[in-house]
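In this note's numbering, the protein residues as written are 17 to 581. This report concerns only the one structure given below.
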Ligand code: ADA
């Protein structure tokens, strides 16, 4: 399943999930591997870093153009169709597609060479405090497209004089050599908007319109109202393509130190969540995504941070449906200036940001774009790259605020660049210090260093605990100590009016790489700071978070009720 709803009724689509032939470089044996999945689930490849080749046949019922879409291949893919290379893509966490024109009727072969090795070719997938798996780890689909098709649609809602409007931009691509006259018809509820354009050969054209949608209901965490926007493309009056998007009417604004959803201030109570589930690795199944959201909402969370990369679009679809606020971020964690000066770094980040925003723009649940978690924001060259990435985001999407989680305390020189200031703080775990004092120091410094009058989020805090390790001494690594530290941190941060959101590090234990030195010192080669373990078995902290998030939600509700009365 590519999305949680049908994206086409007219365009023929075929999902290519299932068993593919598989061969790993250096291994004589031939395998059959499920797609999507990580090859680490197979006993021969438990922590294999290398190159594997997937192949399968597809039958094309009628001659025409095909479009292959890969939602995620970890971490580099070279795609061949009948032996001809049609695509190269780097980064496990963003989708990519390839078009093959004039394919004959009959059987054809798709081959995908997958590489999850580390080295100079990979500036973002490096030894890290999460695992870079190998495989075709997200869904794949094959579409039959006409010579002219809808490439994407951007839906930007806004509110004026008490009425909802939206700007709709329909990008149409012509892969033939001849100019074509096209019409579109976009339908949302009873609203039908038509448009027309001429699209030159081998080029793209965007038809845009703004429309009043008087009777729609807003999207919010409390009422996540969603609408289907169906767009049909016609040539000479004949329907040749379509694209269905699911959208929500909401606005996000930053004013002074608060974040406003539809004009109301919000407080983000959330978790950092890696895409990693026990034996599934990063190829988290839909049922486990649903379970994660069920558990987070059971703990009264209303937000999730996609640390430290763009997420599977089905998870974002779930957040849209369940009213979960999302901080989605580009792919980067803990990179030094030397890492950031890898010749591939800037291009790989630019590609990741573009693909993240182009593909995820219409999700109402995404309210913040983040970049470069704990990278070299204390350096001049680092600042140049931070600034370049924030500017790229604003060019692609001026409707959402930006942020970056820093750990360059008292040395960060980039706090003037984002809309929201976020900092990671492990008071009581990595540094034994009074939580409230350290928090005051941090916020006072932020205000003097470019962050004054901006919303502040504590983007990471927490402690490790080994699941089922209980100890009455409440010593470090016990479930008791983790619960105590999370409680103490939440007590400070959720009662500080200068803070507008908290993200616990982390929702679930996740695997880390053994390469890279200090990560190998982590017990079990896992980051054990999850409130649940990698099998989603709750630790004592689960009930602590549940109780404290509920108390804060009730306090916030009562404050808003008082303000209203
Ligand atoms: C950092 C980092 C996280 C994780 C965390 C930890 O804040 O952003 O990815 O590594 O530390 O557990 O130490």
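Heads up, the beta-carbon is just placed ideally off N, CA and C, and yes, glycines get one too.
Q: Just the C-alpha distance for residue 131 and residue 356, rounded to the nearest angstrom, thanks.
A: Here the question's residue 131 lines up with position 115 in the chain shown. Here the question's residue 356 lines up with position 340 in the chain shown. Rounded to whole angstroms, residue 131 to residue 356 spans 21 Å at the Cα level.
Q.
Whether or not the segment 156-166 and the segment 55-66 are in contact is what I'm after, with contact meaning three or more pairs of Cβ atoms, one per stretch, closer than 8 Å; do they touch?
A. No, they do not touch.
Q) Less than 7 Å between the CB of residue 530 and some heavy atom of the ligand ADA, yes or no? A) What you label residue 530 is simply residue 514 of the chain shown in a count that begins at 1. No; taking the cut-off as 7 Å, the Cβ of residue 530 has no heavy atom of the ligand ADA nearer than that.
Q) Taking DSSP as the reference, what is the three-state secondary structure of residue 227? A) Taking the chain shown and counting its residues from 1, the one referred to as residue 227 is at position 211. Of the three classes helix, strand and coil, the one that applies to residue 227 here is strand, per DSSP.
Q) Which stretch, first to last residue, makes up the alpha helix (DSSP H) that contains residue 354? A) As a working mapping, residue 354 is identified with position 338 in the chain shown. From DSSP, the alpha helix (DSSP H) with residue 354 extends over 353-356.
Q. Based on Cα-Cα distance, which residue from 237, 121, 200, 36 lies nearest to residue 214?
A. Here residue 214 refers to the residue found at position 198 of the chain shown. It is 200 whose Cα lies nearest to the Cα of residue 214.
Q: Take every Cβ of the segment 169-177, pair it with every Cβ of the segment 264-274, and state whether three or more of those distances are shorter than 8 Å.
A: Touching, per the Cβ criterion.
Q) When the Cβ atoms of the segment 561-580 are set against those of the segment 326-340, are three or more pairs found closer than 8 Å? A) No, the segment 561-580 does not touch the segment 326-340.
Q. What separation, rounded to the nearest whole angstrom, lies between the Cα atoms of residue 148 and residue 543?
A. Stepping through the chain shown from its first residue, residue 148 is reached at position 132. Stepping through the chain shown from its first residue, residue 543 is reached at position 527. Straight-line Cα distance between these residues: approximately 14 Å.
Q) Shortest alpha-carbon distance to residue 549 belongs to which of 526, 536, 569, 518? A) For the purposes of this step, residue 549 is identified with residue 533 of the chain shown, where counting begins at 1. When each option's Cα is compared against that of residue 549, the closest is 526.
Q: From the DSSP output, in three-state form, read off residue 526 for me.
A: Numbered from 1 along the chain shown, position 510 holds the residue referred to as residue 526. Strand at residue 526.
Q: Just mark residue 578 as buried or exposed, buried being the case when its beta carbon has 16 or more other beta carbons within 10 Å.
A: Translated into positions along the chain shown, residue 578 becomes position 562. Only exposed fits residue 578, as fewer than 16 other CB atoms lie within 10 angstroms of its CB.
Q. From which residue to which residue does the beta strand (DSSP E) around residue 548 run?
A. Locating residue 548 in the chain shown gives position 532, counting from the first residue. It is not in any beta strand (DSSP E) - residue 548 carries neither H nor E in the DSSP assignment.
Q.
With the cut-off set at 8 Å, would you say residue 55 and residue 68 are in Cβ contact?
A. Taking the chain shown and counting its residues from 1, the one referred to as residue 55 is at position 39. Taking the chain shown and counting its residues from 1, the one referred to as residue 68 is at position 52. Yes, Cβ-Cβ distance for residue 55 and residue 68 is below 8 Å.
Q: Would you please state the rounded distance, in angstroms, between the beta carbons of residue 79 and residue 121? I believe it to be under 8 Å.
A: Here residue 79 refers to the residue found at position 63 of the chain shown. Here residue 121 refers to the residue found at position 105 of the chain shown. In this structure residue 79 is in contact with residue 121, their Cβ atoms being roughly 5 Å apart against a cut-off of 8 Å.
Q. If you check the beta carbons only, do residue 585 and residue 436 fall under 8 Å apart?
A. Examination of residue 585 is not possible in this model, given that the chain is present from 17 through 581 alone.
Q: Could you pull out every unbroken beta strand (DSSP E) segment of at least 3 residues lying fully inside the segment 127-177, listed in chain order?
A: List check, beta strand (DSSP E) in window: 156-161, 164-176.
Q: Would you check if there are 3 or more beta carbon pairs closer than 8 Å linking the segment 501-520 to the segment 281-293?
A: When Cβ pairs closer than 8 Å are counted between the two stretches, the segment 501-520 is seen to touch the segment 281-293, the count reaching three or more.
Q.
DSSP three-state label for residue 74, please.
A. Numbered from 1 along the chain shown, position 58 holds the residue referred to as residue 74. If DSSP states are grouped into helix, strand and coil, residue 74 belongs with the strands.
Q: List the whole-angstrom C-beta distance separating residue 21 from residue 384, where the pair is believed to meet the contact cut-off of C-beta under 8 Å.
A: Within the chain shown, numbered from 1, the residue matching residue 21 stands at position 5. Within the chain shown, numbered from 1, the residue matching residue 384 stands at position 368. About 24 Å; that fails the 8 Å criterion.
(Q) For the ligand ADA, I want to know if residue 323 counts as a neighbour, meaning its beta carbon is within less than 7 Å of at least one of the ligand's heavy atoms. (A) Residue mapping note: residue 323 aligns to position 307 of the chain shown, counting from 1. Within the cutoff, so yes.
(Q) Checking the sheet assignment: what are the DSSP bridge partners for residue 561? (A) Counting from one through the chain shown, the residue named residue 561 turns up at place 545. Within the DSSP bridge table, the entry for residue 561 names no partner.
(Q) At 3 residues or longer, what runs of the beta strand (DSSP E) sit wholly inside the segment 253-335? (A) Within the segment 253-335, the complete beta strand (DSSP E) segments of 3 residues or longer fall at 254-263, 268-271, 274-277, 280-282, 284-288, 319-321, listed in chain order.
Q. How far does the beta strand (DSSP E) with residue 197 in it reach, from first residue to last?
A. By 1-based counting over the chain shown, the position of residue 197 is 181. Per DSSP, residue 197 belongs to the beta strand (DSSP E) from 196-204.
Q | Spatial distance of residue 586 from residue 391 (CA atoms) | A | Any answer about residue 586 is impossible in this case: the structure gives the chain only from 17 up to 581.
Q: Return helix, strand or coil for residue 394, following the three-state DSSP convention.
A: Reading the chain shown from its first residue, position 378 is the one you call residue 394. Under the three-state reduction of DSSP output, residue 394 falls in the coil class, being neither helix nor strand.
Q: Using beta-carbon positions only, say whether residue 138 and residue 91 come within less than 8 Å of one another.
A: Taking the chain shown and counting its residues from 1, one reaches residue 138 at position 122. Taking the chain shown and counting its residues from 1, one reaches residue 91 at position 75. Contact flag set, yes.
Q) From this set, 27, 424, 473, 451, which residue's C-alpha is nearest residue 247's C-alpha? A) Against the chain shown, residue 247 aligns to sequence position 231. Comparing Cα-Cα distances from residue 247 to each of 27, 424, 473, 451, the minimum goes to 27.
(Q) Only counting the same chain, and skipping five residues up and downstream in sequence, which positions put a Cβ closer than 8 Å to that of residue 208? (A) In the chain shown, counting from the first residue as 1, residue 208 sits at position 192. Excluding sequence neighbours, residue 208 sits near 201, 202.
Q: Please check the pair residue 191 and residue 117, which I expect to be a contact at CB under 8 Å, by giving their CB distance rounded to whole angstroms.
A: The residue given as residue 191 occupies position 175 in the chain shown. The residue given as residue 117 occupies position 101 in the chain shown. So it is a contact: roughly 6 Å between Cβ atoms.
Q) For residue 366, which of 379, 348, 320, 354 has the nearest alpha-carbon? A) Position 350 of the chain shown, counting from 1, holds the residue named residue 366. Nearest of 379, 348, 320, 354 to residue 366, Cα basis: 348.
Q: Give a yes or no on whether the C-beta atoms belonging to residue 161 and residue 257 are separated by under 8 Å.
A: Here residue 161 refers to the residue found at position 145 when the chain shown is read from its first residue. Here residue 257 refers to the residue found at position 241 when the chain shown is read from its first residue. Closer than 8 Å, so yes.
Q) Are there three or more Cβ pairs, one per stretch, closer than 8 Å when the segment 268-278 is compared with the segment 293-302? A) No: fewer than three Cβ pairs fall under 8 Å.
Q) When the distance is taken between beta carbons, is residue 89 closer than 8 Å to residue 29? A) The residue labelled residue 29 in the question sits at position 13 within the chain shown. The residue labelled residue 89 in the question sits at position 73 within the chain shown. No, these two residues do not count as a Cβ contact at 8 Å.
Q | Identity of the residues DSSP links to residue 440 by a beta bridge | A | For this step, residue 440 is matched to residue 424 along the chain shown. Under DSSP, residue 440 shares a beta bridge with 476.
Q. Is the segment 463-474 touching the segment 494-501, taking contact as three or more C-beta pairs under 8 Å?
A. No, the segment 463-474 is not in contact with the segment 494-501.
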